[in-house]
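> Numbered by my numbering, the letters in the sequence shown go through residues 21 to 296 in order. C-beta atoms are modelled at their ideal positions from N, C-alpha and C, and glycine is treated no differently.
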Amino acid sequence: MNFDMNSCWSRGVELVTSNFQLLSAIAAIFFLLPNIAIYLLMPDMQTLSDPMADQQVVQARMAEILLPFIGVMIVSLIVQFVGYGTMVGLMSDERPTVGQALSTALKAMPSLIAVFVIFALAYILGAFLIILPFSILGGVAGSPFLAILGILPILVFVTWLMARFSMSLPVMILENRLNPLTAIATSFRLTKPKQWQILLFWFVIFVVMTIISVIIQSVSGLFAALIGTGTMALILLGLVSGTFAMITGMLVSALAVAMYGQLDGPDPAGIEETFE
Numbered sequence: 021m022n023f024d025m026n027s028c029w030s031r032g033v034e035l036v037t038s039n040f041q042l043l044s045a046i047a048a049i050f051f052l053l054p055n056i057a058i059y060l061l062m063p064d065m066q067t068l069s070d071p072m073a074d075q076q077v078v079q080a081r082m083a084e085i086l087l088p089f090i091g092v093m094i095v096s097l098i099v100q101f102v103g104y105g106t107m108v109g110l111m112s113d114e115r116p117t118v119g120q121a122l123s124t125a126l127k128a129m130p131s132l133i134a135v136f137v138i139f140a141l142a143y144i145l146g147a148f149l150i151i152l153p154f155s156i157l158g159g160v161a162g163s164p165f166l167a168i169l170g171i172l173p174i175l176v177f178v179t180w181l182m183a184r185f186s187m188s189l190p191v192m193i194l195e196n197r198l199n200p201l202t203a204i205a206t207s208f209r210l211t212k213p214k215q216w217q218i219l220l221f222w223f224v225i226f227v228v229m230t231i232i233s234v235i236i237q238s239v240s241g242l243f244a245a246l247i248g249t250g251t252m253a254l255i256l257l258g259l260v261s262g263t264f265a266m267i268t269g270m271l272v273s274a275l276a277v278a279m280y281g282q283l284d285g286p287d288p289a290g291i292e293e294t295f296e
């Protein structure tokens with residue numbers, strides 16, 4: 021069991037480049053098309069994506085479409101889960117066919133949803149317990165700054181939680197362990213020795229992705245605003261958002277497979293001792 025950030029990144033990029041045609045086809049189906057569909061089904065998304073839009077108008081429109089938006093996002097998330105599972109399966113050492121990888125991902129879907137629900141509950145409970153003392157101290161001291169200060173440890177906690185849960189999908193797909201509790205327990209066992217390095221790795225990855233996403237969405241929102249409010253503008257936004265989702269989906273799947281290969285493999289030190 022070992023983890024090296026540079027090796028993990030290099031292996032992840034290698035997996036994407038060596039399987040690019042296959043992965044891009046899967047990602048287009050499960051990431052690109054759903055994003056285009058979201059913008060076409062919910063035209064108000066253009067207003068939300070426009071960085072120059074009146075924030076009061078944006079907030080009002082968001083309040084109006086909140087429930088439909090949540091419903092669409094849940095469906096989109098489930099579809100993307102299938103895409104992640106399929107891509108992880110395709111990059112395994114067993115080299116399954118697309119049909120086999122898709123079948124495995126579909127079988128794992130109920131378990132993956134259960135893992136997501138458990139993660140969400142753990143996050144809510146943990147965030148509440150973290151923010152509670154800060155809120156109490158802020159109320160007693162009459163300083164809202166103390167309550168705001170509690171956001172930092174919450175961010176650390178959720179990143180740590182994501183790092184510890186991050187091997188759940190590879191465990192379910194590559195080891196065929198469909199019990200969500202078993203998958204979570206295995207993920208915690210695999211990530212425990214290197215949990216802080218893994219936390220830092222995923223933190224850097226997601227911060228960079230978030231910054232790039234904000235820039236891309238802002239630029240595409242401006243171009244869409246220049247085009248107008250028609251179908252072409254919505255398709256442009258969907259294409260840009262979907263293409264970025266494709267790239268990040270392929271990369272995150274590959275990095276998860278690469279990380280699993282390191283954490284589940286033998287410890288190099290142990291191998292050296294065997295041959296000494």
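Thr179 and Phe223 look like a contact to me (Cβ under 8 Å); what is the Cβ gap, rounded to whole Å?
Numbered from 1 along the sequence shown, position 159 holds the residue referred to as residue 179. Numbered from 1 along the sequence shown, position 203 holds the residue referred to as residue 223. Rounded, the Cβ-Cβ distance is 5 Å, consistent with contact.
> Identify, in the order they occur along the chain, each residue of the same chain with its Cβ nearer than 7 Å to the Cβ of Leu141, setting aside the five sequence neighbours on each side.
Within the sequence shown, residue 141 is the residue found at index 121, counting from 1. There are no such residues.
> Using the C-alpha atoms, what's the distance from Thr251 back to Leu60?
In the sequence shown, counting from the first residue as 1, residue 60 sits at position 40. In the sequence shown, counting from the first residue as 1, residue 251 sits at position 231. When rounded, the distance between both Cα atoms is 7 Å.
> Using the Cβ count rule (16 or more neighbours within 10 Å means buried), how would you classify Lys212?
The residue labelled residue 212 in the question sits at position 192 within the sequence shown. Exposed is the call here.
> Please classify Leu283 as buried or exposed, where buried requires at least 16 neighbouring CB atoms within 10 angstroms.
Residue 283 sits at position 263 when you count from the first residue of the sequence shown. Of the residues assessed, Leu283 falls on the buried side of the cut-off, its CB having 16 or more other CB atoms within 10 angstroms.
> For Glu195, which residues of its own chain have a beta-carbon under 8 Å away from its beta-carbon, when the five flanking residues on both sides are left out?
Along the sequence shown, read from residue 1 onward, the residue named residue 195 stands at position 175. Thr206.
> From this set, Gly258, Thr230, Met229, Ile232, which residue's C-alpha is nearest Phe243's C-alpha?
Within the sequence shown, the letter at position 223 stands for residue 243. When each option's Cα is compared against that of Phe243, the closest is Gly258.
> Any beta-carbon of chain B closer than 7 Å to the one on Thr117?
In the displayed structure, chain B is absent; only one protein chain is listed.
> Which same chain residues end up closer than 6 Å to Phe139 when comparing Cβ atoms and leaving out the 5 residues on each side of it in sequence?
Walking along the sequence shown from the start, residue 139 turns up at place 119. Once the five neighbours on either side are set aside, the close Cβ partners of Phe139 are Phe185.
> Do you know offhand how far Ala83's Cα is from Arg115's?
Counted from its first residue, the sequence shown places residue 83 at position 63. Counted from its first residue, the sequence shown places residue 115 at position 95. Straight-line Cα distance between these residues: approximately 46 Å.
> Determine whether the beta carbon atoms of Leu166 and Leu157 lie at a separation below 7 Å.
Working through the sequence shown from its first residue, we reach residue 166 at position 146. Working through the sequence shown from its first residue, we reach residue 157 at position 137. Closer than 7 Å, so yes.
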